[in-house]
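What follows is one structure encoded as structure tokens, with my remarks underneath.
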Amino acid sequence: MRDVDDVRTDLLIIGAGPTGLFAAYYAGFRGLRVAVVDSLPELGGQITAMYPEKAILDVAGFPSIKGRDLVEGLVAQAATADPTYLLDRTATTLEHGDDEVVVTLDDGTRVTAGAVLITSGIGKFSPRPLPAGEGWVGRGMEFFVPSFAPYAGKDVVVVGGGDSAFDWAQHLEPIAASVTLVHRRDAFRAHERTVAAVKDSSVEIITNAQVTELRGDGHLEEVEISVDGQEPQLRKAQALVAALGFVADLGAIQQWGLETQKRHVVVDSSMRTNLSRVFAAGDITDYPGKVRLIAVGFGEAATAVNNAAVVLDPTAHVFPGHSSEA
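When we follow the numbering used here, the leftmost residue of the sequence shown carries the number 2, and every step to the right adds one.
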């Protein structure tokens, strides 16, 4: 891994999540020089920032693997390509030359590449706030759960009805003193299997309810839960996880002239965008029948890199042969 300023490379990958890391490996497999830029200071994208302890069940070959372990394996695999990592930097502008693309980063770094692959997922993300939680972050309230250990033996309240809320409730249940899940409706957006598992556990689920107040002397001690049509109730709690989703922002990428559909980049079956020498893969892409899974992102990364390789060298073949034959 190299860490430099001005860069000239064959392929610039924007986004160091699972799709971007696998694309970096595959670029090396195709004999390409590769650079990877990401606005986060660490590799792994959303998984590292939000779900490092989460068990991932839908990656081929792994019945169950923690997010941090998947990232560790992808980083080791990508290391075979000797990528140039440009972390804690954001791509701001994109310009086309005759046979190259120049991307400028927010620190002034200029990256000149033969092709660009955008794998930035949902872009920059920020959590949706809990109105009653203003001023409580770091004092018992968090939006993400990077480690389960701090919750051991605590009474935990999880707010939300999506996958994150149910995943964290399920994983915290064995180590916390108690887990209560609060959701403002009686229907959930989470995967049915996870919902069923949480319902069968010791987690208490309170629906048609909201957390309306957090209380404590310096640190969270109890929360007020208001259920529709009932008097508010107080619950002992030393930790609260506000899993209310997040707001995504593609940032400067939206100003590059890319064709987009509801904050996603439109691509064809080769993962080409409407801009010359610019490809995209992973959750950021959109096309008929798109399914947003890590496993799908891996396949799109390989498709994008193989087609970019032909753009860089017209004598090359899209299909390079199997890696087991290399």
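Quick reminder that beta carbons are idealized off the backbone N, C-alpha and C, glycines included.
* Minimum length 3: unbroken beta strand (DSSP E) runs contained in the segment 204-237 -> Qualifying beta strand (DSSP E) stretches, in chain order: 205-207, 210-216, 223-228 and 234-237.
inquiry  = Taking 6 Å as the limit between beta carbons, can you name the residues of its chain near I48, skipping five residues before and five after?
reply    = Indexing the sequence shown from 1 puts residue 48 at position 47. Once the five neighbours on either side are set aside, the close Cβ partners of I48 are G68 and V72.
*Using the rule of at least 16 other Cβ atoms within 10 Å of the residue's Cβ for burial, across every protein chain shown, is I15 buried or exposed?*
For this step, residue 15 is matched to residue 14 along the sequence shown. Counting Cβ neighbours within 10 Å, I15 comes out buried, since at least 16 surround it.
Three-state secondary structure (DSSP) of H265
Here residue 265 refers to the residue found at position 264 of the sequence shown. Of the three classes helix, strand and coil, the one that applies to H265 here is strand, per DSSP.
| said: Within 10 Å of its beta-carbon, does E143 have 16 or more other beta-carbons around it, so buried, or fewer, so exposed? | reply: Translated into positions along the sequence shown, residue 143 becomes position 142. That one is buried.
Are three or more beta carbon pairs between the segment 133-140 and the segment 29-46 nearer than 8 Å? They do not touch, by the three-pair rule.
What does DSSP give as the partner residue(s) for L241 in the beta ladder?
Numbered from its first residue, the sequence shown carries residue 241 at position 240. DSSP lists M142 and V158 as partners of L241.
**Asked** Which value, in whole angstroms, describes the spacing of the CA atoms of D4 and F30?
**Response** The sequence position of residue 4 within the sequence shown is 3, counting from 1. The sequence position of residue 30 within the sequence shown is 29, counting from 1. Reliability of the predicted coordinates at D4 is poor, the pLDDT of 49 falling under 50, and the value obtained from them is presented with this limitation in mind. Cα-Cα distance, rounded: 21 Å.
V266 versus A92: straight-line alpha-carbon distance, rounded: Here residue 266 refers to the residue found at position 265 of the sequence shown. Here residue 92 refers to the residue found at position 91 of the sequence shown. Taking the CA atoms as reference points, V266 sits about 16 Å from A92.
So what does DSSP say about D284, is it helix, strand or coil?
Here residue 284 refers to the residue found at position 283 of the sequence shown. Shown here, D284 sits in coil according to DSSP, grouped into three states, outside any helix or strand.
Report task. Spell out the partners DSSP gives F63 in its beta bridges. Result -> Working through the sequence shown from its first residue, we reach residue 63 at position 62. Its beta-bridge partners are V60.
Determine the contact status of P19 and L58, defining contact as a CB-CB distance below 8 Å. Taking the sequence shown and counting its residues from 1, one reaches residue 19 at position 18. Taking the sequence shown and counting its residues from 1, one reaches residue 58 at position 57. Not closer than 8 Å, so no.
request  = Closer than 7 Å by C-beta to G152: which residues in its own chain qualify, once you throw out the five before and the five after it? Chain order, please.
outcome  = As a first step, residue 152 is located in the sequence shown; it is residue number 151 there, counting from the start. At residue 152 the sequence reads Tyr, which differs from the Gly that was named. The answer, listed in chain order, is L173, I176, A177 and A240.
Q | Spatial distance of G298 from V102 (CA atoms) | A | Looking up residue 298 in the sequence shown gives position 297. Looking up residue 102 in the sequence shown gives position 101. Each residue's alpha carbon lies about 23 Å from the other.
Own chain partners of T195 with C-beta closer than 8 Å, once the 5 adjacent residues on each side are dropped | Indexing the sequence shown from 1 puts residue 195 at position 194. Correct list, in chain order: D164, F167, D168 and Q171.
### Message
Beta-carbon within less than 7 Å of P130's beta-carbon, same chain only, minus the 5 sequence neighbours each way: which residues are those?
### Response
Your numbering for residue 130 matches position 129 in the sequence shown. Around P130: no qualifying Cβ.
*Between R9 and G322, what straight-line distance do the alpha-carbon atoms span, to the nearest angstrom?*
By 1-based counting over the sequence shown, the position of residue 9 is 8. By 1-based counting over the sequence shown, the position of residue 322 is 321. In a straight line, the C-alpha of R9 is about 27 Å away from that of G322.
* Report the partner residues of F247 according to the DSSP bridge assignment. => The sequence position of residue 247 within the sequence shown is 246, counting from 1. DSSP links F247 through a beta bridge to P128.
Among A28, G162 and A197, whose alpha-carbon lies nearest the alpha-carbon of G246?
As a working note, residue 246 is residue 245 in the sequence shown. With distances taken between Cα atoms, G246 lies closest to G162.
**Item:** Residue range of the alpha helix (DSSP H) that includes Y86
**Value:** Working through the sequence shown from its first residue, we reach residue 86 at position 85. That residue, Y86, is in no alpha helix (DSSP H); its beta strand (DSSP E) goes T85 to L88.
request  = Using 10 angstroms around the beta-carbon of D201, count the other beta-carbons present and answer buried if the total reaches 16, otherwise exposed.
outcome  = Residue mapping note: residue 201 aligns to position 200 of the sequence shown, counting from 1. By the neighbour-count definition (other C-beta atoms within 10 Å, threshold 16), D201 is an exposed residue.
Check: Which partner residues of T94 appear in the DSSP bridge assignment?
Finding: To locate residue 94, count along the sequence shown from 1; it is residue 93. Answer is T105, bridged to T94.
Discussion item. So V160 and V212 are supposed to be a Cβ contact under 8 Å. How far apart are they, rounded?
Written reply: By 1-based counting over the sequence shown, the position of residue 160 is 159. By 1-based counting over the sequence shown, the position of residue 212 is 211. Contact flag correct, Cβ pair sits at about 5 Å.
Beta-ladder partner(s) of D187, from DSSP:
If you number the sequence shown from 1, residue 187 lands on position 186. DSSP output for D187 lists no bridge partner at all.
Item checked: Beta-carbon gap between A28 and G45 smaller than 8 Å -> For the purposes of this step, residue 28 is identified with residue 27 of the sequence shown, where counting begins at 1. For the purposes of this step, residue 45 is identified with residue 44 of the sequence shown, where counting begins at 1. In this structure, A28 sits away from G45, with a CB-CB distance that is not shorter than 8 Å.
Assuming A244 and V158 form a contact by the criterion Cβ under 8 Å, report the distance between their Cβ atoms to the nearest whole angstrom. As a first step, residue 244 must be located in the sequence shown, where it is residue number 243. As a first step, residue 158 must be located in the sequence shown, where it is residue number 157. Taking a contact as a CB-CB distance under 8 Å, the pair A244 and V158 does not count as one, their CB atoms being some 11 Å apart.
**Prompt:** Would you report the Cα separation of D187 and N209, rounded to the nearest angstrom?
**Reply:** Sequence index remark: in the sequence shown, residue 187 carries index 186 (1-based). Sequence index remark: in the sequence shown, residue 209 carries index 208 (1-based). In this structure, the alpha-carbon of D187 lies about 6 Å from that of N209.
* Asked: Roughly how many angstroms separate the alpha carbons of E96 and V104, rounded to a whole number?
  -> Here residue 96 refers to the residue found at position 95 of the sequence shown. Here residue 104 refers to the residue found at position 103 of the sequence shown. For E96 and V104, the distance between alpha carbons rounds to 6 Å.
Chain-order list of residues whose beta-carbon lies under 8 Å from that of G217 (same chain, five-residue window excluded): Looking up residue 217 in the sequence shown gives position 216. Here G217 has R140, G141 and E223 as same chain residues with Cβ atoms under 8 Å from its own Cβ, once five neighbours each way along the sequence are excluded.
Cα-Cα separation between V112 and A36, rounded to whole angstroms: Along the sequence shown, read from residue 1 onward, the residue named residue 112 stands at position 111. Along the sequence shown, read from residue 1 onward, the residue named residue 36 stands at position 35. Each residue's alpha carbon lies about 9 Å from the other.
- Query: Should A114 and L276 be called a contact, given that it needs their Cβ atoms to be closer than 8 Å?
  - Reply: By 1-based counting over the sequence shown, the position of residue 114 is 113. By 1-based counting over the sequence shown, the position of residue 276 is 275. Their beta carbons are not under 8 Å apart, which means A114 does not touch L276 by this criterion.
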